[in-house]
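In what follows, a structure is listed as structure tokens, so that the remarks can point back to it.
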Amino acid sequence: MQTVINNFVSWQTNRAALVVRIGLGLLCLLHLAHAQTVGEIEFARGVGFSQSTGQNPRTLGKGLALQEGDRLTTAEGGLAIARLNDGTRFTIRPNSELVIQQYQFNANANASDNNMVMQLLRGGFRAITGLISKGSPDAARVQTKTATIGIRGTDFDARICTTDCKTESARIAEKPRINTVLASAKIVSVQGGEVWVVDSSGQRRNLVEGGSIYPGDVVETGPNAKAVLAFRDDSRMTLGASTRFKVDSFVFDDKNPNDGKFLVSLLRGSLRALTGLIGKANHRNVGFTTATATIGIRGTGLDLDCPGEAACSFFTWLGSIEVTPNGQSALQVLQAGQGLFVSPTSIRPLSESTLNNLPRPDSVPVNVQQLFTGGVVDDGAEGLFVFVRDGHIEIKSTNDILHLGRGETGHVGLDGTAIRPLALPRFIEFDRIPMPNAKSPMLGTVLGEMGVRSPNQCK
Numbered sequence: 209m210q211t212v213i214n215n216f217v218s219w220q221t222n223r224a225a226l227v228v229r230i231g232l233g234l235l236c237l238l239h240l241a242h243a244q245t246v247g248e249i250e251f252a253r254g255v256g257f258s259q260s261t262g263q264n265p266r267t268l269g270k271g272l273a274l275q276e277g278d279r280l281t282t283a284e285g286g287l288a289i290a291r292l293n294d295g296t297r298f299t300i301r302p303n304s305e306l307v308i309q310q311y312q313f314n315a316n317a318n319a320s321d322n323n324m325v326m327q328l329l330r331g332g333f334r335a336i337t338g339l340i341s342k343g344s345p346d347a348a349r350v351q352t353k354t355a356t357i358g359i360r361g362t363d364f365d366a367r368i369c370t371t372d373c374k375t376e377s378a379r380i381a382e383k384p385r386i387n388t389v390l391a392s393a394k395i396v397s398v399q400g401g402e403v404w405v406v407d408s409s410g411q412r413r414n415l416v417e418g419g420s421i422y423p424g425d426v427v428e429t430g431p432n433a434k435a436v437l438a439f440r441d442d443s444r445m446t447l448g449a450s451t452r453f454k455v456d457s458f459v460f461d462d463k464n465p466n467d468g469k470f471l472v473s474l475l476r477g478s479l480r481a482l483t484g485l486i487g488k489a490n491h492r493n494v495g496f497t498t499a500t501a502t503i504g505i506r507g508t509g510l511d512l513d514c515p516g517e518a519a520c521s522f523f524t525w526l527g528s529i530e531v532t533p534n535g536q537s538a539l540q541v542l543q544a545g546q547g548l549f550v551s552p553t554s555i556r557p558l559s560e561s562t563l564n565n566l567p568r569p570d571s572v573p574v575n576v577q578q579l580f581t582g583g584v585v586d587d588g589a590e591g592l593f594v595f596v597r598d599g600h601i602e603i604k605s606t607n608d609i610l611h612l613g614r615g616e617t618g619h620v621g622l623d624g625t626a627i628r629p630l631a632l633p634r635f636i637e638f639d640r641i642p643m644p645n646a647k648s649p650m651l652g653t654v655l656g657e658m659g660v661r662s663p664n665q666c667k
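Positions 209 to 667 (the working numbering) are the ones given, in order, by the sequence shown.
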């Protein structure tokens, strides 16, 4: 009898153990199903690890699979280059810690369904973003202790500095160069639809609030969209729906506005403009071109309405304008409150604007200093530095919002103050860490240690 009881107890024990093993196996399968591979390490040097929640650290090395939730860390002298499924690449700097907090990408899904959220805890990285950030302006971001970096399809560096950045800059003999804003204008308001830009090389990009416009760019508004632009010389412009507008030439130095140039073309649609410092300093250096006439200004607020390709209406609500119809040498001067309709077959006066339903640009509040100017920041000061090689970055702190375009640098201090430094920090300009698209990252790191400037550095 005792033998039977013992056998029964043994059977029950084995059965319970089997159930536990099956349960653990199912949990492992569920974990594997959830922890999908989001990318891999393409290059690694020195000591570094990737660790998933509740798992043992994995040594960073070529081919190592990365998962959502992974915490990537590098030690002194260590770095790694990672590639994610949407084409995003980033180089993790030495002494850095980065978490792939959220990552969802499906090439066949709607762009708005994809997202990427990273958390930079210390150190920094250099990144070239992929399809997620290009597909939707709010889909990719990097969180830090003091600010959130919104990525708008871009090529940028982010670094949290303690005392290391100042030490690096102190070793560089060259003088820092000016942190120049290259953009002619930035968009300050978008309503009712989308705005796109086609650059001089034919590349098309979505333009959101804070986005930059450069010489040669053609701005296109959607069927119901309205947009307000602010230029570096404090000119303002409202673009109506279904408008195509080109910045032909823009040159401005606030120390010498007399030598500035503001030449634009309305290819189709409508705009309301208030000219700025270039027009006040030398009105002959400001001009608007349309399909039917050329417009000169004398420090002016004006409306241009060209719904078709062969007829335009012009109206001035401040100052005066000079209208020269195509094919004619005589010009007509319009004072405030006067307008003119010009087509190939007809020229007639107008008593009111055709664009009263479109807001005047001077009615929209604009912080030109926040958009284009900067302040004094110590080279290597503590806090977050972001440098944009291409694209558009939005830095949002508890105190400020700072928009950065191509070639611009921003800084967020420990108190949350966001500012554009007047000078480009030398530790950024002469950065020796290889770019994530470097063909020979090992060679680049060796040359960097020898003090040889890499072509990946700022120019």
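Every residue, glycine too, gets a C-beta built ideally from N, C-alpha and C.
Starting from the Cα of K604, find the closest Cα among D598, I486, L612 and give me that residue. Translated into positions along the sequence shown, residue 604 becomes position 396. It is L612 whose Cα lies nearest to the Cα of K604.
Selection from K353, G361, A435 that minimises the alpha carbon distance to S341: Position 133 of the sequence shown holds residue 341. Checking every option, the nearest Cα to that of S341 belongs to G361.
Look at L287 and G254 and say whether their C-beta atoms are less than 8 Å apart. By one-based count along the sequence shown, residue 287 stands at place 79. By one-based count along the sequence shown, residue 254 stands at place 46. Yes, the Cβ-Cβ distance between L287 and G254 is below 8 Å.
Determine, using beta-carbon pairs with one atom in the segment 442-454 and one in the segment 472-486, whether at least three such pairs fall under 8 Å. yes
Whole-angstrom C-beta distance between I486 and V531, which should lie under 8 Å: If you number the sequence shown from 1, residue 531 lands on position 323. If you number the sequence shown from 1, residue 486 lands on position 278. With 8 Å as the limit, V531 and I486 do not qualify as a contact, their Cβ atoms being about 20 Å apart.
Roughly how many whole angstroms lie between the Cα atoms of S554 and A499? What you label residue 554 is simply residue 346 of the sequence shown in a count that begins at 1. What you label residue 499 is simply residue 291 of the sequence shown in a count that begins at 1. C-alpha separation (whole angstroms): 14 Å.
So the candidates are G527, V576, S408, F595; which of them puts its Cα closest to the Cα of V620? In the sequence shown, counting from the first residue as 1, residue 620 sits at position 412. The option with the nearest alpha carbon to V620 is F595.
Check whether the Cβ atoms of F307 and A438 lie closer than 8 Å to each other. Looking up residue 307 in the sequence shown gives position 99. Looking up residue 438 in the sequence shown gives position 230. For the record, residue 307 in the displayed sequence is Val; it is not Phe. Contact: no.
Just mark T446 as buried or exposed, buried being the case when its beta carbon has 16 or more other beta carbons within 10 Å. The count along the sequence shown starts at 1 and reaches residue 446 at position 238. Per the 10 Å Cβ criterion, buried.
Taking the beta strand (DSSP E) that K342 belongs to, which residues open and close that run? Working through the sequence shown from its first residue, we reach residue 342 at position 134. Per DSSP, K342 belongs to no beta strand (DSSP E); it is in the alpha helix (DSSP H), 339-343.
Counting pairs of Cβ atoms below 8 Å between the segment 540-558 and the segment 460-467, do you hit three or more? no
Write down every uninterrupted run of the beta strand (DSSP E) in the segment 335-388 whose length is 3 residues or greater and which is fully enclosed by it, in chain order. 348-351, 355-359, 363-369
Within 8 Å, do at least three Cβ pairs link the segment 410-429 to the segment 382-400? yes
The beta strand (DSSP E) spanning F496 covers which residue range? Taking the first residue of the sequence shown as position 1, residue 496 is located at position 288. Note, F496: beta strand (DSSP E), 494-497.
Decide if M324 is buried, meaning its Cβ has at least 16 other Cβ atoms within 10 Å, or exposed. Residue mapping note: residue 324 aligns to position 116 of the sequence shown, counting from 1. So M324 counts as buried.
Residues of its chain near R291, where Cβ-Cβ distance is below 7 Å and the 5 sequence neighbours each way are ignored: Looking up residue 291 in the sequence shown gives position 83. Excluding positions up to five away in sequence, the list reads G247, E248, E250, R297.
By Cβ distance below 7 Å, which residues in the same chain neighbour L234 in space, the five residues on each side in sequence not counted? Within the sequence shown, the letter at position 26 stands for residue 234. Residue placement at L234 is flagged as unreliable, the pLDDT there being 46, under the threshold of 50; the coordinate-derived value follows with that caveat. Taken in chain order, the list of residues that qualify is empty.
Cβ neighbour criterion (16 or more within 10 Å) applied to D365: Along the sequence shown, one-based indexing puts residue 365 at 157. Result: buried.
How far does the alpha helix (DSSP H) with K488 in it reach, from first residue to last? Here residue 488 corresponds to residue number 280 of the sequence shown, with the count starting at 1. Per DSSP, K488 belongs to the alpha helix (DSSP H) from 485-489.
For the alpha helix (DSSP H) containing V585, name the first residue and the last one. As a working note, residue 585 is residue 377 in the sequence shown. It is not in any alpha helix (DSSP H) - V585 carries neither H nor E in the DSSP assignment.
Going by DSSP, name the residue or residues bridged to N303. Numbered from 1 along the sequence shown, position 95 holds the residue referred to as residue 303. Answer is none; N303 lacks a bridge partner.
Three or more C-beta pairs closer than 8 Å, one from the segment 585-599 and one from the segment 625-640: is that the case here? yes
I need the straight-line Cα distance from V433 to W404, nearest angstrom please. Here residue 433 refers to the residue found at position 225 when the sequence shown is read from its first residue. Here residue 404 refers to the residue found at position 196 when the sequence shown is read from its first residue. The question names Val, but residue 433 is Ala in the sequence shown. Distance between the alpha carbons of A433 and W404 is about 11 Å.
Contacting residues, own chain, Cβ-Cβ under 7 Å from P644 (five flanking each side not counted): Position 436 of the sequence shown, counting from 1, holds the residue named residue 644. If we look at P644 and ignore the five residues flanking it on each side, its Cβ neighbours are I289, R297, F298, T299, R334, A335, I336.
Reducing DSSP to helix, strand and coil, say where V217 ends up. The residue given as residue 217 occupies position 9 in the sequence shown. No answer about V217 holds up, because its pLDDT of 44 lies below 50 and its placement is not dependable.
Confirm, please, whether the CB-CB distance from P533 to A481 is below 8 Å. Taking the sequence shown and counting its residues from 1, one reaches residue 481 at position 273. Taking the sequence shown and counting its residues from 1, one reaches residue 533 at position 325. Their beta carbons are not under 8 Å apart, which means A481 does not touch P533 by this criterion.
Would DSSP call Q577 helix, strand or coil? Taking the sequence shown and counting its residues from 1, one reaches residue 577 at position 369. Note: Q577 maps to helix in three-state DSSP.
Straight-line Cα distance separating P569 from L579: Looking up residue 579 in the sequence shown gives position 371. Looking up residue 569 in the sequence shown gives position 361. Taking the straight line from one Cα to the other gives about 16 Å.
Closest to S260 by CA distance: which of I386, G527, Q275 is it? The residue given as residue 260 occupies position 52 in the sequence shown. Per the Cα distances, Q275.
Give the straight-line distance between the Cα atoms of L563 and R440, rounded to the nearest whole angstrom. Numbered from its first residue, the sequence shown carries residue 563 at position 355. Numbered from its first residue, the sequence shown carries residue 440 at position 232. Spanning the two alpha carbons is a distance of roughly 25 Å.
Which value, in whole angstroms, describes the spacing of the CA atoms of M650 and R379? Start at 1 with the first residue of the sequence shown, and residue 650 comes out as number 442. Start at 1 with the first residue of the sequence shown, and residue 379 comes out as number 171. So the alpha carbons of these two residues sit roughly 23 Å apart.
Buried or exposed, going by whether 16 or more other CB atoms sit within 10 Å of the CB of S304? The sequence position of residue 304 within the sequence shown is 96, counting from 1. When all chains shown are included, S304 counts as buried.
Return yes when the Cβ of G424 is within less than 8 Å of the Cβ of S443, no when it is not. Reading the sequence shown from its first residue, position 235 is the one you call residue 443. Reading the sequence shown from its first residue, position 216 is the one you call residue 424. Contact flag unset, no.
Going by the beta-carbon positions, is the gap between F593 and T617 smaller than 8 Å? The sequence position of residue 593 within the sequence shown is 385, counting from 1. The sequence position of residue 617 within the sequence shown is 409, counting from 1. Yes, Cβ-Cβ distance for F593 and T617 is below 8 Å.
Looking only at C-alpha atoms, which of A538, R412, E560, A646 sits nearest to D511? Position 303 of the sequence shown holds residue 511. Here the closest residue by C-alpha is E560.
Do you know whose CA, among D598, H491, V436, lies nearest V572's CA? The residue you call residue 572 lines up with position 364 of the sequence shown. When each option's Cα is compared against that of V572, the closest is V436.
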